[in-house]
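Participant: In my numbering, the protein residues as written are 16 to 331.
All residues carry an ideal CB built from backbone N, CA and C; glycine is no exception.
Sharing a structure, written as structure tokens. Questions coming.
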Amino acid sequence: MVELAPQASVQKEGQRQDVKALLAQSYAGDTYNTAVYIARGGVSVSYVTLLGDDPYSEEVLTRLAGEGIDTSAIVRLPGRCPGLYMIQNTPDGERYFTYWRGEAPARELFADPARRDALKAHLLQMDCLYLSGITLAIMSEEARAELLSFLGEYRAQGGRVAFDSNYRPRLWASKDAARDAVGQFLQQADMALLTFEDEQALWGDKRPGSCAKRNAGFGVAELVIKRGAEPVLLQREGELTAIDVPPVSSVVDTTGAGDSFNAGYLAARLQGATPEQSIAAGNRCAARVIGHRGAIIPRDEYLAAVATDALADVAC
Ligand code: ADP
């Protein structure tokens, strides 16, 4: 999506920015954010979506290529343009989104039978597929069923699936429809990277324990539950452990916190780190992102921060 983010903190205590705030334009989206930060973490990434043939779609492709991300499976639909969203923040960095994405080409993912076979062949070459509840919510029901059955085939051939429920109520016809779809995809997930707030909104969980129990029932072998500044929970082989989140001194915008955490986690995990080490990597990645306005930190700035963190680790 095209992203419009307020440039500076002009809001009153406890309130969102004025709708007239100066805006900075960029590009973002949940899986896009994760793809960018995984690639910056040193893992080769192919991003799959549909775009238009407008200048903004062109710029998305340029930026993905600039991150070293493969764009060969991205399809472009003539006469269309990407979705758009705007961010508002409160002084503590909490974010509120407004979306315009009814016509977004990404809604047609997996929908065209003629293109589906080529896409499946492309995906079968990957070690791991990452998708989110937003991916599912914007697809047609038929396309979602096709994707679900493809995931079964993909896993049977040794592929691993990582999933974040990213529940956004307005994208779903009903809570039951969301539960049905998310539940089915969790049954095909090897790794679930969930945000407790989303799980509470979708399933009514009072405590993380009920979230952990439900996901064990879905057969999720590796479950990570993100809870903002609260410790991250990890469930593996029936054991639930809590891993602290280091404090972040200046939180300006939590946009992309969960997505960047997922990227840090997956980049580490796919390069052989343990889940505990991968959670620490997820926390580090998210800490950088929430100290910045908008979902994507400019590449040079991000890589400089990674280098500084690495030096600090050596010094410690
Ligand atoms: P989401 O963006 O999906 O709502 P969370 O708010 O749970 O996700 O945050 C995801 C991750 O971002 C956390 O696990 C943590 O690593 C980091 N994070 C978010 N908020 C804070 C905070 N206030 N202080 C430190 N880290 C945070």
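Let me know the secondary structure DSSP gives L238 once reduced to three states.
Facilitator: L238 falls in the strand class under three-state DSSP.
Participant: By a C-beta neighbour count over all protein chains shown, 10 Å radius and 16 as the cutoff for buried, is P97 buried or exposed?
Facilitator: P97 should be labelled buried.
Participant: Measure the beta-carbon distance from L151 to V197 and round it to whole angstroms, keeping in mind my assumption that it falls under 8 angstroms.
Facilitator: Indeed they touch by this definition, with Cβ atoms about 7 angstroms apart.
Participant: If you follow the alpha helix (DSSP H) that S164 is part of, which residue opens it and which one closes it?
Facilitator: Start and end: E156 to A171.
Participant: Would DSSP call I102 helix, strand or coil?
Facilitator: Strand, per DSSP.
Participant: Would you grab the beta carbon distance between A177 and D205 for me? Rounded to a whole angstrom, and I think it's under 8 angstroms.
Facilitator: Between D205 and A177 the Cβ distance is about 7 angstroms, and since that is below 8 angstroms, they are a contact.
Participant: Should L281 and L208 be called a contact, given that it needs their Cβ atoms to be closer than 9 angstroms?
Facilitator: Result yes, Cβ atoms of L281 and L208 sit closer than 9 angstroms.
Participant: Can you tell me where the beta strand (DSSP E) holding F112 begins and where it ends?
Facilitator: Where F112 is concerned, the enclosing beta strand (DSSP E) stretches over R110 to W115.
Participant: Give a single yes or no on whether V266 has its beta carbon closer than 8 angstroms to a heavy atom of the ligand ADP.
Facilitator: For the ligand ADP, at least one heavy atom lies less than 8 angstroms from the Cβ of V266.
Participant: Would the beta-carbon of I305 be found less than 8 angstroms away from any heavy atom of the ligand ADP?
Facilitator: Checking the Cβ of I305 against the ligand ADP gives yes.
Participant: Measuring only from the beta carbon, is N181 closer than 8 angstroms to any heavy atom that is part of the ligand ADP?
Facilitator: Yes - the ligand ADP has a heavy atom lying nearer than 8 angstroms to the Cβ of N181.
Participant: Using 10 angstroms around the beta-carbon of R55, count the other beta-carbons present and answer buried if the total reaches 16, otherwise exposed.
Facilitator: Result: buried.
Participant: Since F276 is in the beta strand (DSSP E), which residue starts that stretch and which ends it?
Facilitator: No beta strand (DSSP E) holds F276; the alpha helix (DSSP H) holding it covers A272 to L285.
Participant: DSSP three-state call for R122: helix, strand or coil?
Facilitator: Three-state result, R122: helix.
Participant: May I ask which residues mark the beginning and end of the beta strand (DSSP E) holding R251?
Facilitator: Looking at the DSSP string, the run of the beta strand (DSSP E) that includes R251 is E245 to R251.
Participant: Looking at P120: is its Cβ nearer than 9 angstroms to the Cβ of L66?
Facilitator: For P120 and L66, yes; Cβs fall inside 9 angstroms.
Participant: Kindly examine the ligand ADP and report whether one of its heavy atoms sits closer than 8 angstroms to the Cβ of F211.
Facilitator: Checking every heavy atom of the ligand ADP against the Cβ of F211, one is found closer than 8 angstroms.
Participant: Just list the residues that DSSP pairs V90 with in beta bridges.
Facilitator: Answer is L65, bridged to V90.
Participant: Can you give me the Cβ contacts of A288 inside the same chain, cut-off strictly under 8 angstroms, excluding the 5 residues immediately before and after it?
Facilitator: Result list for A288: A296, in chain order.
Participant: Are the Cβ atoms of D142 and G174 separated by less than 9 angstroms?
Facilitator: Going by C-beta atoms, D142 is nearer than 9 angstroms to G174.
Participant: Could you tell me the alpha carbon to alpha carbon distance between Q172 and R78, rounded to whole angstroms?
Facilitator: Near 32 angstroms, if we compare the C-alpha coordinates of R78 and Q172.
Participant: Using the three-state DSSP reduction, which class does S41 fall into: helix, strand or coil?
Facilitator: In the structure shown, S41 sits in a strand (DSSP, three-state: E or B).
Participant: List the whole-angstrom C-beta distance separating A20 from I102, where the pair is believed to meet the contact cut-off of C-beta under 8 angstroms.
Facilitator: Sure, about 5 angstroms apart at Cβ, within 8 angstroms.
Participant: For I53, name the three-state secondary structure that DSSP assigns.
Facilitator: If DSSP states are grouped into helix, strand and coil, I53 belongs with the helices.
Participant: How would you call Y52, buried or exposed, if buried means at least 16 neighbouring beta carbons within 10 angstroms?
Facilitator: By the neighbour-count rule (16 or more Cβ atoms within 10 Å), Y52 is buried.
Participant: Going along the chain, which residues of its own chain have a beta-carbon closer than 8 angstroms to the beta-carbon of W115, five neighbours each way excluded?
Facilitator: Correct list, in chain order: G98, L99 and Y100.
Participant: What residue from A158, Y71, L146 and L37 has the CA that sits closest to Y182's CA?
Facilitator: Ranking the options by Cα distance to Y182, first place goes to L146.
Participant: Is D324 helix, strand or coil by DSSP?
Facilitator: If DSSP states are grouped into helix, strand and coil, D324 belongs with the helices.
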